[in-house]
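Undergrad: Please read through the structure below; I'll follow up with questions.
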Amino acid sequence: MAAYIVILGPPGAGKGTQAARLCERLGLLHVSSGDLFREHLKNETQLGRLARGYIDRGGLVPDDVTIAMIRERLSRPDAAAGALLDGFPRTRPQAEELDRMLAELGGRIDAVAVIRVSMPVLIRRLMGRLMCRAGGHIYHLDYNPPRTPGVCDVDGTELYQRSDDDEATVTHRIQVYLAETAPLIAHYRMRRAVVEVDGERSIEAVTDDLLAALPKGLAR
């Protein structure tokens, strides 16, 4: 039976890093909603064009478009063993729709991994974050610097800091996350699906903690 995990955590918690490490260890597909949007927009798919229409008007992409992208991705052959969902769901209505979608695919959410990090640490992490323009690889000026300053180790492209990585904007983004996801975590906690780890430990330690906390049938 396919396994499905949701990973949650505020901006700067290291979700992307931990998602990639978990997928490698568990043999699951990493489904990042951000990467999925970029793929559809770049390839100008029907869903991508639909999303672009909302984005260009300064609006939010409605749930049904996002859900259609997730559904299409989980229906591909390489998702047969399951997936780790990163960036989706963000709200309880999205979670309820995901439950229905996975039921149609013969699956369910097996675990929800929540990475906890304090506000001061999140702000410090986000304000020093560097991203590459090509693949979205993430570095940090202090915690995870590239081998060559300003250049991505993976694809050699330029690294940059997001324009919204200033303290006021970062604090607002974290507060929005907390307000949105509190009902979502409560939804999953009622189903005893939530596992929580301390995201302020080293990358390796957080991965080990997540693997230890996940249901035993998932870890290989």
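Using our numbering, you'd call the opening residue of the sequence shown number -1 and step up by one each time. Think of the CB as a built atom: it goes at the ideal place given N, C-alpha and C, for glycine as much as any other residue.
Can V112 and G12 be called in contact, C-beta distance under 8 Å?
TA: Within the sequence shown, residue 112 is the residue found at index 114, counting from 1. Within the sequence shown, residue 12 is the residue found at index 14, counting from 1. No, the pair does not count as a contact, with Cβ atoms beyond the cut-off.
Undergrad: Hey, would you say Y186 sits closer than 8 Å to V195, going by beta carbons?
TA: Here residue 186 refers to the residue found at position 188 of the sequence shown. Here residue 195 refers to the residue found at position 197 of the sequence shown. Not closer than 8 Å, so no.
Undergrad: Which runs of the alpha helix (DSSP H) spanning at least 4 residues fall entirely within the region 121 to 194, listed in chain order?
TA: Counting only runs of 4 or more, we get 165 to 187.
Undergrad: Do three or more CB pairs link the region 16 to 34 to the region 74 to 82 at distances below 8 Å?
TA: Taking 8 Å as the limit for Cβ pairs, the verdict is that the region 74 to 82 does touch the region 16 to 34.
Undergrad: May I ask you to list the residues that DSSP assigns as paired with I3?
TA: Here residue 3 refers to the residue found at position 5 of the sequence shown. Beta-bridge pairing links I3 to L82, A109.
Undergrad: Under 8 Å between the Cβ atoms of V29 and I68?
TA: In the sequence shown, counting from the first residue as 1, residue 29 sits at position 31. In the sequence shown, counting from the first residue as 1, residue 68 sits at position 70. Cβ atoms of V29 and I68: closer than 8 Å.
Undergrad: Please determine, among Q159, G46, T64, E95, the residue with the shortest C-alpha to C-alpha distance to G126.
TA: Counted from its first residue, the sequence shown places residue 126 at position 128. Nearest C-alpha to G126: Q159.
Undergrad: Leaving out five residues before and five after A109 in sequence, what residues of the same chain have Cβ atoms less than 7 Å from its Cβ?
TA: Numbered from its first residue, the sequence shown carries residue 109 at position 111. I3, A191, V193, L212, P213, L216, listed in sequence order.
Undergrad: For a quick check, are the C-beta atoms of H138 and R123 less than 8 Å apart?
TA: Numbered from 1 along the sequence shown, position 140 holds the residue referred to as residue 138. Numbered from 1 along the sequence shown, position 125 holds the residue referred to as residue 123. Yes.
Undergrad: Note down the Cα distance separating G25 from T205, rounded to an integer number of angstroms.
TA: As a first step, residue 25 must be located in the sequence shown, where it is residue number 27. As a first step, residue 205 must be located in the sequence shown, where it is residue number 207. The straight-line gap from Cα to Cα measures roughly 14 Å.
Undergrad: With DSSP collapsed to three states, give me the class of R88.
TA: Taking the first residue of the sequence shown as 1, we reach residue 88 at position 90. R88: coil per DSSP, three-state reduction.
Undergrad: Across which residues does DSSP place L39 in a beta bridge pair?
TA: Position 41 of the sequence shown, counted from the start, is the residue given in the question as residue 39. Answer by DSSP bridge pairing: none, since L39 is not bridged.
Undergrad: Does the beta-carbon of A210 have 16 or more other beta-carbons within 10 angstroms, so that it is buried, or is it exposed?
TA: Taking the first residue of the sequence shown as 1, we reach residue 210 at position 212. Looking at its Cβ environment, which holds fewer than 16 other Cβ atoms inside 10 Å, A210 is exposed.
Undergrad: Apply the 10 Å Cβ neighbour rule to L96 and answer buried if 16 or more other Cβ atoms are within range, or exposed otherwise.
TA: Position 98 of the sequence shown holds residue 96. Answer is buried; the Cβ neighbour count reaches 16.
Undergrad: Of the residues V152, I121, D164, which one's Cα is nearest the Cα of R131?
TA: Position 133 of the sequence shown, counted from the first residue, corresponds to residue 131. Closest by alpha carbon: V152.
Undergrad: Taking R36 as the reference, give the member of S116, G56, T64, M(-1) with the closest Cα.
TA: Locating residue 36 in the sequence shown gives position 38, counting from the first residue. R36 has its Cα closest to that of T64, out of S116, G56, T64, M(-1).
Undergrad: Among residues of its own chain, excluding the 5 on either side of T15, which ones have a beta-carbon nearer than 8 Å to its beta-carbon?
TA: Counting from one through the sequence shown, the residue named residue 15 turns up at place 17. These residues qualify, in order along the chain: I136, I201.
Undergrad: For P87, count neighbouring Cβ atoms within 10 angstroms of its own Cβ and tell me buried if that reaches 16, exposed if not.
TA: Numbered from its first residue, the sequence shown carries residue 87 at position 89. Classification of P87: buried, given that the 10 Å Cβ count is 16 or more.
Undergrad: Can you find the residues in the same chain that come closer than 7 Å, C-beta to C-beta, to L157, ignoring five residues on each side of it along the sequence?
TA: In the sequence shown, residue 157 corresponds to position 159, counting from 1. These residues qualify, in order along the chain: L128, M129, C130, Y137, P144, G148, V149, C150.
Undergrad: Report the residue from R171, G10, L72, D33 whose alpha carbon sits nearest the alpha carbon of L103.
TA: Walking along the sequence shown from the start, residue 103 turns up at place 105. Checking every option, the nearest Cα to that of L103 belongs to L72.
Undergrad: In terms of residue numbering, what span does the alpha helix (DSSP H) encompassing V115 cover?
TA: As a first step, residue 115 must be located in the sequence shown, where it is residue number 117. Where V115 is concerned, there is no enclosing alpha helix (DSSP H), given that its DSSP letter is neither H nor E.
Undergrad: What's the C-alpha gap between S31 and E178?
TA: As a working mapping, residue 31 is identified with position 33 in the sequence shown. As a working mapping, residue 178 is identified with position 180 in the sequence shown. Answer to the nearest angstrom: the Cα atoms are 16 Å apart.
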